[in-house]
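Scroll down for the structure; my scribbles are underneath it.
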Amino acid sequence: MSGETNGEAFRRSNGFAFRMPPTLTGVQRLGIDTASQVIEGFIDLLVGDKTTELGDPPGPSNGREPSFTQLRVNVARALDLYTELVRRSFESYADLMEQSLRVTGVRLQATDDGPAELLTLHRTADGTRVAGTVWIHNTTDQPASAQLRLTELTAHDGTVVPSGAGRFEPAAVTAAPGASVSARLEIVLEGIAPGIYQGHVMACGLPEAALPLRLHIADAAPGPLS
Amino acid sequence: MIAHSGPENVEVTLARYAALTRDAMRRHLGDRAPDRYLYNLVRDYPSRDGKGLRPALLLATCQAFGGSVDEALGPAVAIELAHNAFLVHDDIEDGSRQRRGKPTLHHLYGTPLALNAGDALAVLAFHPLRDGTRLSERLSRRVSDEFLEMLTRTIEGQSTELGWRAENVVDLEPSDYLGLIAQKTSWYTTVWPLRVGALIGSAGTAPLEALTRFGFYLGAAFQIRDDLLNLVGSADRYGKELLGDIREGKRTLMLIHLLGSASTTERKDIIAFLARAGQLHADVMDHDNVLENDARAVLDLMVRHGSLDFSFQFGQGVAAAAYQSFNDAFADVSPSESRDFIEALVPYMLARVA
Chain A
1 MSGETNGEAF RRSNGFAFRM PPTLTGVQRL GIDTASQVIE GFIDLLVGDK TTELGDPPGP
61 SNGREPSFTQ LRVNVARALD LYTELVRRSF ESYADLMEQS LRVTGVRLQA TDDGPAELLT
121 LHRTADGTRV AGTVWIHNTT DQPASAQLRL TELTAHDGTV VPSGAGRFEP AAVTAAPGAS
181 VSARLEIVLE GIAPGIYQGH VMACGLPEAA LPLRLHIADA APGPLS
Chain B
227 MIAHSGPENV EVTLARYAAL TRDAMRRHLG DRAPDRYLYN LVRDYPSRDG KGLRPALLLA
287 TCQAFGGSVD EALGPAVAIE LAHNAFLVHD DIEDGSRQRR GKPTLHHLYG TPLALNAGDA
347 LAVLAFHPLR DGTRLSERLS RRVSDEFLEM LTRTIEGQST ELGWRAENVV DLEPSDYLGL
407 IAQKTSWYTT VWPLRVGALI GSAGTAPLEA LTRFGFYLGA AFQIRDDLLN LVGSADRYGK
467 ELLGDIREGK RTLMLIHLLG SASTTERKDI IAFLARAGQL HADVMDHDNV LENDARAVLD
527 LMVRHGSLDF SFQFGQGVAA AAYQSFNDAF ADVSPSESRD FIEALVPYML ARVA
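This is how it looks when you write it as structure tokens:
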């Protein structure tokens, strides 16, 4: 370089081409050592490089069994795929659930100590009646008023429990927008033959609302009634 | 047999990756409006002929580790957009007039619009990372984390360099320079593409330390060589103003060596020159024809004190580390054209004469 003031000789001889030197000079060794110190400092600061997410042990990468390396990759890809499938399935299910919950209207439901879609009645303390609670859920933005009534309950052989056997307290309800109200249903057992009877709770004024009811009266000591 | 042994083959493969990235970038930018004040500017630098080293390194690494181009195309577009965002802002910060042989964006459209376009490029770079159709959520999250880390490091490095110039910091060592370019250049030019390519290709199972070392050595040697070419390279092939680094007062390895080798009087003159360059830089002035004679005098001193030779030898050592560390980084990677391409890319980046 001495005597050159514009680097022309450097350029003519392609002097900037960094090729692998056969032996190292002192300055070249300084370059390697300095660069090594700098990058090791950075690597020490890196978070998350010591192990991969799938638990790869720290250390140099070379020397691993190639087939095992490929196996890890395949397993990781499969796990990602299944994770994605599970996630998408859950999201689809959750979307459907949310959609169904968003349906607006007035619904009749049973109390929460049994299936909401089937009214369960419990024998009263004196054993002469059965009773249960009916809920009216109003998810509209208008008040919902209705008079509750019990249909005839019919057994398989045509035996009928007349609708008048049931009594609601209160008989008429009004649910505010977005609110729920309840009413108690009692059926007097006197004169009702043992058997299984089926019918509905209806709400006058709400033609879409209905709640199935199943009344089971055993021969001797009666079991749970629904 | 290495498929990519010659520079012509490397350039063919580079061009193929660049075309894939450019097409994806075009689709990504699409028909966004307004053209006149924003998207014409946003599309300007990416449309200029660049080598596309970063996306090529990322795509090839992904393929070498068993992945596909499709999986890595989003991150490839992201790094290219981020790179162009950095260039727009760098050109303003450095008062540069030329980029890839044409006027810089702020010279064409003015600084406010160019700054805004640079911001847009940086923000738009995040969009392709959010495409969840090609990568699992787990990998997308890791790639995004790596992207944020890379952007942060690059900006921190840039702030250090700007601060050194603003405060005329002169007591620097080669290790300071390497620490600076590790953050400012290597991380986004080589380290990030290698790490993210391997992450995607291996579905997150590849160890990244050896790749980080290789990326740093390669990027650092590439930067030292670029700094040398800025002083004595060929103006028509370099694409930027020669001696620009001296005029801008950049703390290159050559300058750091000169400051440590010059006589007391020379050192005093150099520090005074750097103060003037820093002041011009702070005013964001163009450096063409400014301090031209002074810059040539500094170059003469560098030649006289062996600073070019020192930097060349020092860079040669870093390059040797890059050549050697390739084998560690790709030890577990089966032979393939992509692996061969990356191996051939090392001499292409470090030995090609601009």
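Taken in sequence, the protein lines are chains A and B.
Here the working numbering is used: position 27 in the first sequence is 27, and no number is missing along the way.
The working numbering runs 226 ahead of the 1-based position in the second sequence.
Glycine included, each C-beta is placed from N, C-alpha and C at the ideal position.
Would you kindly work out how many angstroms separate the C-alpha atoms of residue i and residue j, rounded to a whole number?
i	j	result
T378(B)	L46(A)	13 angstroms
I228(B)	T247(B)	With a pLDDT of only 39 at I228(B), under 50, the local geometry of the prediction cannot be trusted, and the value read off the model is given with reservation. Going by the C-alpha atoms only, they are around 25 angstroms apart.
P433(B)	L485(B)	40 angstroms
T111(A)	L215(A)	15 angstroms
G383(B)	Y82(A)	41 angstroms
T436(B)	N519(B)	One point to set straight first is that residue 436(B) is Ala, not Thr, in the sequence displayed. So the alpha carbons of these two residues sit roughly 45 angstroms apart.
A547(B)	V559(B)	19 angstroms
R530(B)	R421(B)	41 angstroms
R129(A)	E363(B)	60 angstroms
L331(B)	R439(B)	34 angstroms
A570(B)	V268(B)	32 angstroms
T104(A)	T139(A)	5 angstroms
D607(B)	D471(B)	The shown model of chain B, from 227 to 580, leaves out residue 607(B), and the question about it has no answer.
F168(A)	M202(A)	11 angstroms
G423(B)	F18(A)	25 angstroms
V396(B)	S489(B)	14 angstroms
D56(A)	E375(B)	Residue placement at D56(A) is poorly supported in this model, since its pLDDT is 45, which falls under 50; the coordinates still yield a value, given next. In a straight line, the C-alpha of D56(A) is about 22 angstroms away from that of E375(B).
V238(B)	G278(B)	12 angstroms
T23(A)	L341(B)	47 angstroms
P573(B)	A545(B)	9 angstroms
P329(B)	D452(B)	20 angstroms
K50(A)	D44(A)	Residue placement at K50(A) is poorly supported in this model, since its pLDDT is 47, which falls under 50; the coordinates still yield a value, given next. Distance between the alpha carbons of K50(A) and D44(A): 9 angstroms.
N74(A)	S36(A)	34 angstroms
L455(B)	Q449(B)	10 angstroms
G38(A)	Q28(A)	According to the sequence shown, residue 38(A) is Val rather than Gly. Their Cα atoms are separated by approximately 15 angstroms.
A245(B)	R253(B)	12 angstroms
Q241(A)	G256(B)	In the structure displayed, chain A extends from 1 to 226; residue 241(A) sits before or after that span and is not available.
A175(A)	I136(A)	7 angstroms
L96(A)	P162(A)	40 angstroms
G532(B)	V458(B)	14 angstroms
T25(A)	Q542(B)	10 angstroms
L283(B)	R72(A)	23 angstroms
A290(B)	G427(B)	7 angstroms
Q550(B)	A241(B)	26 angstroms
Got a sec: does the ligand FMN put a non-hydrogen atom nearer than 7 angstroms to the Cβ of residue i?
i	result
H309(B)	The model on display carries no ligand, and the ligand FMN is accordingly not part of it.
Closest to residue i by CA distance: which of the options is it?
i	options	result
F442(B)	G470(B), D452(B) and I407(B)	I407(B)
M480(B)	P573(B), R323(B), L365(B) and F538(B)	F538(B)
H239(A)	E186(A), S163(A), P212(A) and V38(A)	The requested residue 239(A) is not part of the displayed model; chain A covers only 1 to 226.
H483(B)	G321(B), E435(B), L434(B) and L398(B)	L398(B)
D141(A)	G191(A), E40(A), S180(A) and S67(A)	S180(A)
P194(A)	I217(A), L85(A), I32(A) and A78(A)	I217(A)
S385(B)	R477(B), R323(B) and Y335(B)	R477(B)
R184(A)	G191(A), Q99(A), E190(A) and V173(A)	V173(A)
Y243(B)	L576(B), R502(B) and I568(B)	I568(B)
A171(A)	A146(A), L153(A), A155(A) and E190(A)	A146(A)
K410(B)	S428(B), H309(B), F540(B) and R368(B)	H309(B)
T133(A)	L211(A), F90(A), D44(A) and I39(A)	L211(A)
G292(B)	T380(B), N266(B), A348(B) and G430(B)	G430(B)
E297(B)	I381(B), D357(B), M575(B) and V524(B)	D357(B)
D345(B)	I496(B), A577(B) and Y265(B)	Y265(B)
R496(B)	L283(B), L527(B) and E234(B)	It is worth fixing the name first, because residue 496(B) is Ile in this sequence and not Arg. The residue with the shortest Cα to Cα distance from I496(B) is L527(B).
T416(B)	T287(B), P260(B) and G276(B)	T287(B)
Output needed in chain order: residues of the segment 118-132 of chain A with a Cβ under 7 angstroms from some Cβ in chain B.
none
If you pair each beta-carbon of the segment 386-406 of chain B with each one of the segment 301-310 of chain B, do three or more pairs fall below 8 angstroms?
no
In chain order, which continuous runs of the beta strand (DSSP E) of length 3 or greater are located wholly inside the segment 140-188 of chain A?
144-150, 166-169, 172-175 and 180-188
If you measure beta-carbon to beta-carbon, which residues of the segment 541-554 of chain B are closer than 7 angstroms to chain A?
G541, Q542, G543, V544, A545, A546, A547, Y549 and D554
Closer than 7 angstroms, Cβ to Cβ, to anything on chain A: give me those residues from the segment 436-452 of chain B, in chain order.
A436, T438, R439, F442, Y443, A446, A447 and R451
So does the segment 199-208 of chain A actually touch the segment 246-261 of chain B, counting three or more Cβ pairs closer than 8 angstroms?
no
Whether or not the segment 270-279 of chain B and the segment 304-318 of chain B are in contact is what I'm after, with contact meaning three or more pairs of Cβ atoms, one per stretch, closer than 8 angstroms; do they touch?
yes
Tell me which residues of the segment 374-407 of chain B have at least one Cβ-Cβ distance to chain A shorter than 7 angstroms, keeping chain order.
P400, S401, L404 and G405
Every unbroken alpha helix (DSSP H) inside the segment 236-268 of chain B [4 residues or more]:
none
Quick one: which unbroken alpha helix (DSSP H) runs of 4-plus residues sit fully inside the segment 439-502 of chain B? Chain order, please.
461-464, 470-473 and 479-487
Of all the alpha helix (DSSP H) runs that stay within the bounds of the segment 351-435 of chain B, which reach a length of 4 or more residues?
363-392, 400-407 and 418-427
Closer than 9 angstroms, Cβ to Cβ, to anything on chain B: give me those residues from the segment 80-113 of chain A, in chain order.
D80, L81, T83, E84 and R87
Along the segment 556-571 of chain B, where does the CB come closer than 7 angstroms to a CB of chain C? Name the residues.
Of the protein chains in this structure, namely A and B, none is chain C.
Mind checking the segment 274-300 of chain B against chain A and listing, in chain order, the residues whose C-beta falls within less than 7 angstroms of any C-beta there?
G292
Beta carbons nearer than 9 angstroms to chain B: which residues of the segment 24-45 of chain A have them?
L24, T25, G26, V27, Q28, R29, L30, G31, I32, D33, T34, A35, S36, Q37, V38, I39, E40, G41, F42 and I43
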